[in-house]
Structure formats: structure tokens, C-alpha cells
Amino acid sequence: MNVTLEVPYEANDLQDKRREDLVTMVQRQQDRWPFKEGRRGFTSKTNMVQMRAVLLNPACGFTKQAPAGSFLQFLRSTLGGTLNIHFLHSFHSTASRIVLFVAL
């Protein structure tokens, strides 16, 4: 089963990142970059302060892939400590990939 849990970036995720790293993070979900009418969106001139601010802004919706065990932890906490594997197997048979977006 290929399940991906996406969670919002946190400030410590962006700490000590080079400009190239931030650009990669933005380009992964470039369609979420805020576009203001009359202004260009994300460009090579966008500075690191702007990139960090947008990546951390929950309204923009930028996310990172959560660690592998996070999905099961999320399900256990959501289902009150019980995990119905049969449900997951049945659900998986209808989709090859499941992506969840979670606002923390």
C-alpha cells in the first residue's frame, strides 16, 4: 500500500535551508504560490524571506511528506486507538495512492 500523509511545513523545517532547497520546496507545489494580479508569481528574483513566509503560510497550503510511521499514528489517533486493517485494505483496493492533507 502506498499511502502519503502530507502535513504543513513548520519553521524548523526551513531552518538552515539553502536558497536551492527552498526553491525545490516551492517548485514541488508551484501551483500553490500566491499570484497577485499585475505581478508575476514565483521567479528567480524571489528572495528567501518571501519563500519562507509563503511556505509557512497555511492559507497557501504548502505541505511536506510526513515520516512513514505518521500515517498509522494519525489513523490510530483518529480512530481512538483502534485500527481496522480490513477497512484500509478495502479502501486501498479502490485507489492505488491516497494523499491526506492535515492541518495541525
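Note that my numbering has the sequence shown beginning at -15, numbered continuously upward. Just so it is clear, CB atoms sit at the ideal spot from N, CA and C, and this is done for glycine as well.
Selection from the options that minimises the alpha carbon distance to residue i
| i | options | result |
| --- | --- | --- |
| ARG12 | GLU(-6), PHE26, ASN(-4) | PHE26 |
| THR8 | GLU(-6), PHE46, THR(-12) | PHE46 |
| GLN(-1) | ALA50, PRO51, LEU40 | LEU40 |
C-beta contact flag for residue i and residue j at 8 Å
| i | j | result |
| --- | --- | --- |
| GLU(-10) | LYS48 | yes |
| MET32 | VAL10 | no |
Cut-off 7 Å between Cβ atoms - residues of its own chain near residue i, not counting five sequence neighbours on either side
| i | result |
| --- | --- |
| PHE19 | GLY25 |
| ASP(-3) | LYS48 |
Same chain, Cβ closer than 6 Å to residue i, neighbours up to 5 away in sequence not counted
| i | result |
| --- | --- |
| VAL38 | CYS44 |
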